[in-house]
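K.L.:
Mind looking over this structure? Questions follow.
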Amino acid sequence: MEDVAEVGYFGRLRQFSRNARLYLLHVIGMDLIHGAWEVLFNLYLLAVGFDIRFVGIRIAVLGIAGSLAAIPAGRLADRIDRKWGFIIGDGGGAACALILIMSTDATMILAFSAVSACFSALHHVTESPFMAENSEPEERIHLFSVEQGLGTLAAMAGALIAGFLPHHLMVSEGMTLVEAYRWAVHIGIAWWFLSLIPAIMLKRYVSEEVAQARAEVALEERSGWLSAIRTPKTVYHFVVIGTLLSLGAGFVLRLANVFFHYDLHAHEQEIGMVFAAGSFFLAIGAFAVPLVVERFGEVATVVWTRFAAIPFILLIGYAPELASPETVVSLAGLAWVLRTTLFNMSGPAFEAFSMGQLHPTERATYIGISRLFGSAMAAVGGYLGAVLMSNGDFRTPFVVMAVLYAISTGLFMRWFESTSGLSDPSSLRESVP
């Protein structure tokens, strides 16, 4: 193996496998439409006559369906070729989005939201294990970081499109607001289907690490839906940490565009710009994560980026109390960008750390369990957040989010502060013969 010091940042990027590079192309296409979808669909629901409470009910349905599908999806993802997890999950999600944006019936919207959550679960439980299996420990943090960075830039482009395209269509084509929302999403969905081409080109690959792990498991006689779990205490810790984050995030994140629109009176273009700016700086932060991990290690990177983000959560929620009507969107927008950048810098480090601590054969199952509880709690948080906001309380959701983020990060620090990640400099030096 090459000496760690001899291979720099860009050297690690050049080491990415063919599968990893194809997956990154797939991510760009997927997150482009996801960025647009996150801005548009809640606003579409409000435009066709639904209230904020219905938006909260839909978020709850997404969470419940995603949680119920998570463990079966994880077990399925551990049995089928990873590329089929992407093709089925993303192709099905695109089809559901096409139906949803044409629907005005509440039952239809809730039903296909549930179906789309099941497809999404299959994609998400496939994602991290795929990247772990298609990278070596010394380059893994780089792959997770580049994936988040490129995906975020694509989401930024999608948010910009969502912010400006509907208005352009209304002015130039004489469309109604609802028609403009639909056309904007249709354009994105066409790109969504095109993004499946790199996924189809993926080749089946079984690393030496995974082959050895599967051989070990094959010698044992274990059954049951939790039979894949090899390190139950570690899985428990990761699930608790993620569940608390999901509950806190549920109170705010899926309702952020509603908060900006109703409480701050921001227009679609302003919302799109705020989300796009958040995505841009998040991408910069993601690309910088390997450099931070190289200096501080995976655990410290996760802990301090998450703690640093918490004050900005509160600043977003209390911006109307601290700024004039003319500057409130700017203040809340700046706080949104800083929170998004700092907190999401922890994402690649946490994923690389968790995948490194888990047995290869339990990774997708762990993600399934994590999504089971995380999606359920996000659903609870989303519904309660929507109820609070529909009653005019836009502050409490941000307080709850900040408190739960602090508890989750404190537990992570307590449980793992003495554990080294595989991307830590000390671990990489020890791996050099």
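Quick note: the sequence shown uses the working numbering, first residue 6, plus one each step. Here a beta-carbon is modelled for each residue, glycine too, at the ideal position from N, C-alpha and C.
If you draw a straight line from the alpha carbon of PHE15 to that of ASP398, how long is it in whole angstroms?
P.N.:
Those two C-alpha atoms are separated by around 48 Å.
K.L.:
For ARG17 and GLU331, I'd like the C-alpha separation in whole angstroms.
P.N.:
Their backbone Cα atoms lie some 46 Å apart in a straight line.
K.L.:
Below 8 Å on the Cβ atoms is my guess for GLY387 versus ILE85; work out the distance and round it to an integer in Å.
P.N.:
The Cβ separation is near 30 Å, so there is no contact.
K.L.:
Quick check: what's the CA-CA separation for PHE348 versus LEU319?
P.N.:
If I take the Cα positions, the gap works out to 14 Å.
K.L.:
On a Cα-Cα basis, can you pick out the residue from ALA305, ALA204 and ILE166 that is closest to PHE135?
P.N.:
Nearest option by C-alpha distance: ALA204.
K.L.:
Taking the beta carbon of HIS191 as the centre, do at least 16 other beta carbons fall within 10 Å, making it buried, or is it exposed?
P.N.:
Classification of HIS191: exposed, given that the 10 Å Cβ count is below 16.
K.L.:
Between which two residues does the alpha helix (DSSP H) holding GLN362 run?
P.N.:
That run of the alpha helix (DSSP H) goes 333-362.
K.L.:
Applying the 10 Å Cβ sphere with the 16-neighbour rule, what's the burial state of VAL307?
P.N.:
Buried is the call here.
K.L.:
Within 8 Å, do at least three Cβ pairs link the stretch 290-303 to the stretch 151-163?
P.N.:
Short answer: they touch.
K.L.:
Within a Cβ cutoff of 6 Å, which residues of the same chain sit near ILE166, ignoring the five residues on either side of it in sequence?
P.N.:
Contacts found: ALA41.
K.L.:
Closest by CA to ALA74, which one among HIS129, GLU303 and VAL32?
P.N.:
Answer by Cα proximity: HIS129.
K.L.:
If you draw a straight line from the alpha carbon of THR401 to that of GLU275, how long is it in whole angstroms?
P.N.:
Rounded to whole angstroms, THR401 to GLU275 spans 24 Å at the Cα level.
K.L.:
My guess is that ALA159 and LEU252 are in contact by the Cβ rule of under 8 Å, so how many angstroms apart are they, rounded?
P.N.:
Contact doesn't hold; Cβ gap of about 28 Å is too wide.
K.L.:
Tell me which residues share the same chain as ILE69 and place their Cβ nearer than 7 Å to its Cβ, disregarding the 5 neighbours each side in the sequence.
P.N.:
So the list reads ALA381 and ALA384, once near-sequence residues are dropped.
K.L.:
For PHE117, I'd like the list of residues in its chain whose CB is within less than 8 Å of its CB, leaving aside the five on either flank, ordered along the chain.
P.N.:
The answer, listed in chain order, is CYS101, ILE104, LEU105 and SER108.
K.L.:
So for ALA328, helix, strand or coil by DSSP?
P.N.:
Looking at ALA328 - three-state DSSP - the assignment turns out to be coil, as it is neither helix nor strand.
K.L.:
In angstroms with no decimal places, state the Cα-to-Cα distance between ARG23 and PHE91.
P.N.:
Rounded to whole angstroms, ARG23 to PHE91 spans 16 Å at the Cα level.
K.L.:
Short of 8 Å in beta carbon distance, which residues of its chain neighbour TRP196, apart from the five on each side in sequence? Order them along the chain.
P.N.:
The residues are GLY34, LEU37 and ILE38.
K.L.:
Roughly how many angstroms separate the alpha carbons of LEU433 and GLY283, rounded to a whole number?
P.N.:
Unreliable placement is indicated for LEU433, whose pLDDT of 48 sits below 50; the coordinate value is still reported in the next sentence. Between LEU433 and GLY283, the C-alpha separation is close to 32 Å.
K.L.:
Going by Cα to Cα distance, which pick from ILE114, LYS238 and ARG80 is closest to LEU127?
P.N.:
LEU127 has its Cα closest to that of ARG80, out of ILE114, LYS238 and ARG80.
K.L.:
Between ILE146 and PRO353, which are expected to be in contact by the criterion C-beta below 8 Å, what is the C-beta distance as a whole number of angstroms?
P.N.:
That pair is a contact at about 6 Å.
K.L.:
Can you tell me where the alpha helix (DSSP H) with PHE312 in it begins and where it stops?
P.N.:
Per DSSP, PHE312 belongs to the alpha helix (DSSP H) from 303-322.
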